[in-house]
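A.B. asks: First, the structure itself, so that you have it in front of you.
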Amino acid sequence: MLRVVFLGPPGSGKGSQAKYVIDEHGVDHISTGELLRSAVNEGTSLGNQIADIMQQGGLVPDQIVLQLISDYLDSSDLSKGFLFDGFPRNSIQAEQLQVILAERNVPLSFVLHLQVDPTAVVKRLSGRRNCSNCGRIYNIYFDPPQVEGQCDDCGSAGELFQRADDNEASIRNRLDVYESETAPLLEFYENAELLVTVDASGDLAEVAESVRQVILTELAKT
Ligand code: AMP
Numbered sequence: 099m100l101r102v103v104f105l106g107p108p109g110s111g112k113g114s115q116a117k118y119v120i121d122e123h124g125v126d127h128i129s130t131g132e133l134l135r136s137a138v139n140e141g142t143s144l145g146n147q148i149a150d151i152m153q154q155g156g157l158v159p160d161q162i163v164l165q166l167i168s169d170y171l172d173s174s175d176l177s178k179g180f181l182f183d184g185f186p187r188n189s190i191q192a193e194q195l196q197v198i199l200a201e202r203n204v205p206l207s208f209v210l211h212l213q214v215d216p217t218a219v220v221k222r223l224s225g226r227r228n229c230s231n232c233g234r235i236y237n238i239y240f241d242p243p244q245v246e247g248q249c250d251d252c253g254s255a256g257e258l259f260q261r262a263d264d265n266e267a268s269i270r271n272r273l274d275v276y277e278s279e280t281a282p283l284l285e286f287y288e289n290a291e292l293l294v295t296v297d298a299s300g301d302l303a304e305v306a307e308s309v310r311q312v313i314l315t316e317l318a319k320t
């Protein structure tokens, strides 16, 4: 059973690679960024509370994120397995995640580190666009839709939109936050003997193949 955390800087391809893994393994995709963005877009009181923090690329308070994760896990079918994307992001979240998963008897299989030079991801982030209908991720520099103005996946002719936090100031802040808050988790998971690293500097297909191989190898061990 695949129960995995995808760990890497913004723009390392966590969301894009997660989509492939979900298609192949049918696990639940748990992206705290997407859950939080939905709250902002729906204008819930939680969403209004966190919109500014997200726009500036800061971390939403741990208490909010941990509650979101607990509620999500309580309402989901854990027997399918899961993939955390963008969570945990600091040591408090990582320690609490161990507790939350132990209580439910679903420990992590491993943690996949998507390794890429953080300074090289700026173009990935500034060129990133999402289909407004199905959320498919494109990059206007490296991976545009095949037919301009039409989503390859859902065929929608809707707008491709740019995330509010994919602007230069916010990107810089998110990379700093990654270095100071999230990168220390590499050592945390290394010490827990859960860390597996793949080179995520190639194009989407190359990285997808490396991720595929790692997952097959790790699943074969269980
Ligand atoms: P992402 O979609 O993973 O790039 O996340 C977008 C933004 O959502 C981040 O820059 C944070 O503001 C917020 N966010 C997502 N996940 C977390 C988390 N685990 N802890 C705190 N804030 C988060």
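Using the working numbering, the first residue of the sequence shown is number 99, and each one after it goes up by one.
Cβ atoms here follow ideal geometry from the backbone N, Cα and C, with glycine treated the same way.
Got a sec? Which residues, its chain only, sit under 6 Å from Y276 by beta carbon, not counting five neighbours each side?
C.D. replies: Residue numbering aside, residue 276 sits at position 178 when the sequence shown is read from its first letter. Within the same chain, Y276 has close Cβ partners P107.
A.B. asks: When you compare the CB positions of G111 and A267, do they come within less than 9 Å of one another, or not?
C.D. replies: By 1-based counting over the sequence shown, the position of residue 111 is 13. By 1-based counting over the sequence shown, the position of residue 267 is 169. Contact flag unset, no.
A.B. asks: Does ligand 1 have even one heavy atom less than 8 Å from the beta-carbon of E132?
C.D. replies: As a position in the sequence shown, residue 132 is number 34, starting the count at 1. At least one heavy atom of ligand 1 is nearer than 8 Å to the Cβ of E132, so yes.
A.B. asks: Classify Y287: buried if its beta carbon has 16 or more other beta carbons within 10 angstroms, exposed otherwise.
C.D. replies: Numbered from its first residue, the sequence shown carries residue 287 at position 189. Classification for Y287: buried.
A.B. asks: What separation, rounded to the nearest whole angstrom, lies between the Cα atoms of V119 and V125?
C.D. replies: Walking along the sequence shown from the start, residue 119 turns up at place 21. Walking along the sequence shown from the start, residue 125 turns up at place 27. One C-alpha to the other measures close to 8 Å.
A.B. asks: By the DSSP assignment, the beta strand (DSSP E) with D297 in it spans what residues?
C.D. replies: Locating residue 297 in the sequence shown gives position 199, where the first residue counts as 1. Residues L293 to D297.
A.B. asks: Any heavy atom of ligand 1 within a distance shorter than 8 Å of the CB on L157?
C.D. replies: Position 59 of the sequence shown, counted from the start, is the residue given in the question as residue 157. Because some heavy atom of ligand 1 lies under 8 Å away, the Cβ of L157 counts as near it: yes.
A.B. asks: Among residues of its own chain, excluding the 5 on either side of V294, which ones have a beta-carbon nearer than 8 Å to its beta-carbon?
C.D. replies: By 1-based counting over the sequence shown, the position of residue 294 is 196. Excluding sequence neighbours, V294 sits near F208, V209, L210, H211, V312 and E316.
A.B. asks: Excluding five sequence neighbours on each side, which residues of the same chain lie with their C-beta closer than 6 Å to the C-beta of P205?
C.D. replies: Looking up residue 205 in the sequence shown gives position 107. Cβ neighbours of P205 beyond the five flanking positions: L199.
A.B. asks: Near F182, which residues of its chain fall below 6 Å by C-beta distance, leaving aside the five closest residues on each side in sequence?
C.D. replies: Sequence index remark: in the sequence shown, residue 182 carries index 84 (1-based). Excluding residues within five positions, the ones whose Cβ falls inside 6 Å are V103 and I128.
A.B. asks: Spell out the partners DSSP gives S129 in its beta bridges.
C.D. replies: Stepping through the sequence shown from its first residue, residue 129 is reached at position 31. The partner list for S129 (beta bridge, DSSP) reads D183.
A.B. asks: With respect to 8 Å, is the separation between the Cβ of M152 and the closest non-hydrogen atom of ligand 1 below this value?
C.D. replies: On the sequence shown, position 54 is the one that residue 152 refers to. The answer is yes for M152.
A.B. asks: Note down, in chain order, each residue of its chain lying with its Cβ closer than 6 Å to the Cβ of A262, except the 5 sequence neighbours on either side.
C.D. replies: Walking along the sequence shown from the start, residue 262 turns up at place 164. Hits under 6 Å: Q153.
A.B. asks: Let me check you understand the geometry: is the CB of R272 closer than 8 Å to at least one non-hydrogen atom of ligand 1?
C.D. replies: Looking up residue 272 in the sequence shown gives position 174. R272: yes, Cβ under 8 Å from ligand 1.
A.B. asks: Mind checking whether the beta-carbon of G300 lies closer than 8 Å to any heavy atom of ligand 1?
C.D. replies: Position 202 of the sequence shown, counted from the first residue, corresponds to residue 300. Not so, every heavy atom of ligand 1 lies at least 8 Å from the Cβ.
A.B. asks: Is F259 closer than 9 Å to N289 when the C-beta atoms are compared?
C.D. replies: Residue numbering aside, residue 289 sits at position 191 when the sequence shown is read from its first letter. Residue numbering aside, residue 259 sits at position 161 when the sequence shown is read from its first letter. Not closer than 9 Å, so no.
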